[in-house]
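Have a look at the structure below, then the notes.
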Amino acid sequence: MQHLIQSLRNSNLSLFLIIYLSFFLDNVLLTVVVPIIPDYLFSNQNIDNHDNSRLGPKTLSPLQEKFETLENDNGPLGALLASKAFVQLAFTPFMGYLTEIMGCCIPLLLGSCNMLLATFLFAYGNSYGILVLARALHGSSSAAIAVSGMSILAKNVSQNMRAKIMPLAFGGIALGVLIGYPLGGAAYQLLGKPAPFLIIAFLICVSIVLQLWYIDDKSNETTIDEIKCGQFLSLLNDKQLMVTTFTICICTSTMAILEPCVPMWLLAHLNPPPSRWQLGAVFIPDSVGYFIGSHCAGTYSEFEIEAINKFLGLLPMASWRVAFSALVLAGLSCCALPLASTLSQLSLPHFGLGLSVGAVDAALVPFLANLVDKKGSNQYGPVYALQQVFVSLAYAFGPLLGGQAVHIFGFPWLMRVMGFMNLLFCPLLLELEKDHSSVLLDDTKTPRSYSTLDNTYSSLDEEAN
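Mapping of the sequence shown onto full-length UniProt numbering: residues 1 to 465, in sequence order.
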């Protein structure tokens with residue numbers, strides 16, 4: 001038994017499962033608040049306080065008063081949801097530097113501990129300020145988990161296997177998004193606000209125990225590279241890297257805008273208004289689409305694509321082609337979403353948006369590691385830190401500007417504008433087809449050593465066959 005435990009501890013498969021669980025919990029906490037916070041802020045107590053502050057006789061019907069109040073609440077709600085991304089945006093460059101000088105295991109553990117604290121604040125915080133603080137703490141933990149987790153995978157998986165292994169890790173992200181929305185809506189309605197967060201807190205404790213069990217001398221085996229202060233900024237000069245990160249940002253921002261706007265739009269326009277669990281269930285098609293897109297879009301490596309194209313001709317499987325198709329789908333889904341008049345009619349455009357975001361992530365995130373490999377470097381931390389900066393920009397300014405833009409354009413035109421932005425960005429992806437000739441990082445030829453995680457995956461395939 002002790003030999004088996006030691007074998008599991010030394011196995012890179014255990015490391016992969018820890019990363020998978022960390023990604024899963026991070027995204028459950030990210031999405032579980034979406035159906036809870038709008039209803040909690042728009043509670044009976046808040047409505048009473050708002051109504052009591054008015055002078056003079058009431059001239060609006062109850063439905064009109066509800067619409068007016070919800071439209072005014074888009075701004076504070078957007079600011080609360082965006083606070084996580086602003087903090088994550090500030091911490092991400094530091095985490096990219098930290099993973100290169102300390103290794104990746106310690107930042108991953110610190111991020112998990114910080115996420116546990118944020119979860120308890122969400123569970124028992126009653127004021128708007130405490131909820132903003134909890135969301136901000138979650139932002140710092142997300143920066144550590146995302147950068148360190150992706151760097152661990154990039155350093156331990158060979159280029160040929162990244163297109164298979166990294167989308168599996170996205171499965172944790174997709175599953176977290178899939179479970180978070182309905183878990184938040186159902187548990188909030190049936191058990192109260194603390195219930196879903198206490199469930200998440202228990203699972204985070206399990207993840208922390210697993211990380212403490214795994215971390216040993218292996219955490220010090222990471223090759224430490226000298227990082228220059230200007231090196232992170234030098235990444236901005238690479239065209240392919242910038243197109244890749246901007247594509248992820250544009251597609252992600254579309255989903256980020258929906259989080260504060262869709263619940264308010266549904267509550268204001270549907271009569272009778274949807275229940276709490278329905279506000280969570282409305283995002284299930286997004287999650288299912290992301291789950292499918294993240295697993296299917298990144299299945300083939302560059303070598304497999306070349307082999308298949310020799311027999312079947314030009315197929316849309318290269319990274320830039322997958323991303324191109326995903327942006328087109330995202331643009332069309334955005335334009336179709338305001339046409340829905342019932343919850344069931346929202347399913348198809350929501351599914352299309354989730355599918356497009358998942359496909360973009362699965363196709364382009366492993367592509368970033370391949371760009372680093374082409375320069376003979378193993379400094380993945382700064383590259384994935386830059387990618388997370390753009391994701392944070394999407395989640396920071398998406399809910400914030402989306403909540404304010406509803407007042408200017410209205411929800412239907414806001415969605416159309418986002419759809420046009422996705423479509424207009426598509427031609428820039430042709431840059432990814434060109435040969436990569438610019439320098440991502442210093443051309444220091446650092447030897448790379450891949451561990452047996454890809455071999456473990458291959459052996460599992462052989463046993464299955």
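Note that CB positions come from ideal geometry on N, CA and C, so glycine has one too. Remember, predicted model here, so these are calculated numbers, not experimental data.
The region 98-107 / the region 119-136 touching (three or more Cβ pairs under 8 Å): no
Under the three-state DSSP convention, the category Ser287 falls into: helix
Own chain, CB closer than 8 Å to Ser83, minus 5 neighbours either side, in chain order: Within the same chain, Ser83 has close Cβ partners Val132, Arg135, Ala136, Gly139.
Simplified DSSP state of Asp361, which is helix, strand or coil: helix
Start and end residues, alpha helix (DSSP H) containing Ser344: No alpha helix (DSSP H) contains Ser344, which DSSP labels as neither H nor E.
Distance, Leu337 Cα to Pro260 Cα: 15 Å
Burial state of Pro263, where buried means 16 or more other Cβ atoms lie within 10 Å: buried
With 16 other Cβ atoms within 10 Å as the buried cut-off, status of Asn422: buried
Inter-residue Cα distance where the pair is Ala415 and Val209: According to the sequence shown, residue 415 is Met rather than Ala. Straight-line Cα distance between these residues: approximately 43 Å.
Buried or exposed by the 16-neighbour rule on C-beta atoms within 10 Å, applied to Asn271: exposed
Continuous alpha helix (DSSP H) stretch holding Glu431: start and end: Looking at the DSSP string, Glu431 is not in any alpha helix (DSSP H), and its letter there is neither H nor E.
Alpha-carbon spacing of Val177 relative to Phe367, whole angstroms: 23 Å
Coil, strand or helix - Lys193 by DSSP: coil
Given Val365 as reference, the closest of Ala323, Leu353, Leu393 once Cα atoms are compared: Ala323
Alpha carbon of Val328 to alpha carbon of Met242, nearest angstrom: Cα to Cα, Val328 sits roughly 19 Å from Met242.
Helix, strand or coil at Pro35 according to DSSP, with G and I counted as helix: In the structure shown, Pro35 sits in coil (DSSP, three-state: anything other than H, G, I, E or B).
Coarse secondary structure for Ser141, derived from DSSP in three states: helix
Contact belief for Phe390 with Thr245 at Cβ below 8 Å, rounded distance in angstroms: 4 Å
Selected residue, minimal CA-CA separation from Gly111, among Met418, Phe23, Ala195, Gly354: Phe23
Gly381 - containing alpha helix (DSSP H), residue span: 380-409 is the span of the alpha helix (DSSP H), which, as asked, contains Gly381.
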